Ligand code: ADP
Ligand code: NG1
Ligand code: MG
């Protein structure tokens with residue numbers, strides 16, 4: 004049987020929230036919604052910035068989500084509004100709209116999901132849509148609020164038009180269509196949003212997309228803490244610069260190994276083609292790439308292309324003017340992080356003596372590599388990770404793209420209370436801006452379920 008996103012009745016514990024959204028919908032549009040879609044955010048336990056290199060990652064869905072109330076009609080209009088007044092109303096012709104990459108307003112993420120699904124369905128006539136969106140994932144904090152919104156939008160468009168895709172296919176579709184916003188992500192967020200299951204983290208592998216249960220060990224709780232530093236990925240080039248650095252590293256390694264370098268975009272594909280282990284791949288990086296940053300001119304010289312040709316083979320629209328690329332450190336991070344994910348999964352499966360300490364060490368090593376080799380942390384986030392470790396975490400690391408946002412800590416179950424008090428005192432109480440966010444910034448979490456459609460009973 005094909006595993007499709009489920010259609011459910013609204014569960015008891017969500018009734019109040021959904022009623023609030025329904026009320027906003029009725030007040031705004033003067034009609035009742037027909038159904039809701041819901042997609043969660045996620046916390047990545049380990050495996051940062053490697054999904055777009057083709058490597059497996061290990062996230063779980065969180066309770067925080069994006070929910071949309073929807074009614075359909077026979078017009079050609081899309082009308083969307085948000086329960087949060089900071090996100091302004093938007094309307095357009097459903098068959099004729101543009102996604103603005105240079106100014107990524109919230110509705111552009113909605114349009115990404117809509118556009119991806121419309122292109123997949125190829126219908127002569129699509130339903131008009133009226134929607135009210137409500138989100139609880141802290142935005143720009145590495146918990147994937149953007150993908151929750153994209154997935155929610157693609158799912159509601161699919162349901163409105165009586166279309167059906169498996170969880171895997173809609174996850175792939177969403178990974179592709181979120182790129183309309185400009186960021187060249189790898190697909191982890193959309194995969195876990197659809198393929199998550201209550202009670203289990205997942206190893207997500209790519210090409211083809213697969214999700215395998217990972218039973219987290221007893222005796223530990225995962226706690227998320229937001230540094231309260233925001234980074235909007237689509238509004239800056241930080242994220243795509245890293246994607247491009249990994250691509251250039253892959254292409255230079257491929258070229259120096261006598262492969263057709265233009266055919267390689269990802270470090271994972273080069274490793275596979277060379278038939279070497281991740282440890283060997285690290286040796287290859289040390290042998291081929293130098294630690295100093297590469298100038299664009301040097302990269303062009305090595306690959307034997309002009310700057311214009313390099314733009315086509317390797318760069319993104321928002322990295323065309325970048326002058327230097329750090330290839331050695333980025334590639335070392337990717338291969339070592341890919342290895343840590345496999346080790347993390349193995350410890351969860353085998354449950355050896357000292358399992359929690361082993362997992363904690365892998366998380367700490369991951370953070371150090373993100374901070375020092377991938378340079379995707381920031382001082383406040385490093386400080387928060389240090390405070391979490393001093394407050395009793397067995398391991399703590401940034402989660403999501405970084406440059407701000409959240410860290411995830413593994414805390415002994417019997418020490419969670421004292422951990423929360425200590426992190427509150429040492430990080431949040433130090434500034435009024437952080438104190439004001441404490442209710443949503445620091446929380447324990449458990450593996451949540453995947454995206455679903457909810458019908459009003
Ligand atoms: P994240 O790490 O949360 O995915 P991104 O920078 O990728 O961060 O995406 C954040 C953007 O997603 C926000 O700037 C906003 O445009 C959109 N977004 C997030 N949550 C909501 C919401 N509840 N309602 C509307 N838009 C949202
Ligand atoms: P966040 O921080 O949630 O936007 C991004 C990418 C992921 C992955 C992580 C880093 C998108 C939609 N998401 O996540 O694919 O690369 O960074 O591990 O691009
Ligand atoms: Mg995002």
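Residue numbers (the numbering used here): 4 to 460.
Ideal Cβ placement from N, Cα and C applies to all residues, glycine included.
As the structure is a computational prediction, the values presented were derived from the model and not from experiment.
Relative to the non-hydrogen atoms of the ligand MG, the Cβ of residue 150 comes within a distance shorter than 7 Å of at least one. The beta carbon of residue 191 is closer than 7 Å to those of 47, 54, 60, 62, 207 in its chain, skipping five residues each way along the sequence. Checking the 7 Å criterion, the Cβ of residue 31 is out of range of every heavy atom belonging to the ligand ADP. A straight-line Cα-Cα distance of about 27 Å links residue 360 and residue 286. Look at residue 76 here: in three-state DSSP terms it is strand. When distances are taken from the beta-carbon of residue 147 to the heavy atoms of the ligand ADP, the shortest one is below 7 Å. In chain order, 100, 102 place their CB closer than 7 Å to the CB of residue 114, counting only its own chain and leaving out the 5 sequence neighbours on each side. By the Cβ-count criterion, residue 239 is exposed, with fewer than 16 other Cβ atoms from all chains shown falling within 10 Å of its own Cβ. As computed with DSSP, residue 40 is found in a beta bridge with 71, 456. The Cβ atoms of residue 401 and residue 384 sit closer than 8 Å to each other. Taking the Cα positions, residue 57 is about 20 Å away from residue 170. Between residue 451 and residue 199, the C-beta gap is smaller than 8 Å, which places the two residues in contact. Across the set 371, 398, 437, the C-alpha of 371 shows the shortest separation from the C-alpha of residue 337. Secondary structure of residue 297 (DSSP, three-state): strand. Inclusion of residue 214 and residue 159 in the CB contact set at 8 Å is not warranted, their separation being larger than that value. For residue 381, no alpha helix (DSSP H) run applies, since DSSP gives it neither H nor E. In the three-state DSSP reduction, residue 231 falls in the coil class, being neither helix nor strand. At least one heavy atom of the ligand ADP lies closer than 7 Å to the C-beta of residue 109. Comparing alpha-carbon positions, the option among 157, 165, 164 lying closest to residue 179 turns out to be 157. Close CB contacts of residue 82 within its chain, under the 6 Å cut and outside five residues either way in sequence, are with 94, 133 (chain order). Per DSSP, the continuous alpha helix (DSSP H) segment holding residue 176 begins and ends at 170-180.
In this structure, DSSP gives residue 124 a helical state, which the three-state scheme calls helix. Residue 9 and residue 38 have their alpha carbons spaced roughly 13 Å apart. DSSP places residue 98 in the coil class of the three-state scheme, outside both helix and strand. Annotated as distal: residue 334 and residue 306, with beta-carbon spacing of 8 Å or more. With a threshold of 16 other beta carbon atoms within 10 Å, residue 16 falls short and is exposed. A distance below 6 Å between beta-carbons, with the five flanking residues on each side excluded, links residue 246 to the following residues of its chain, in chain order: 55, 187. In terms of CA proximity to residue 438, 228 leads the group 391, 228, 354, 417.
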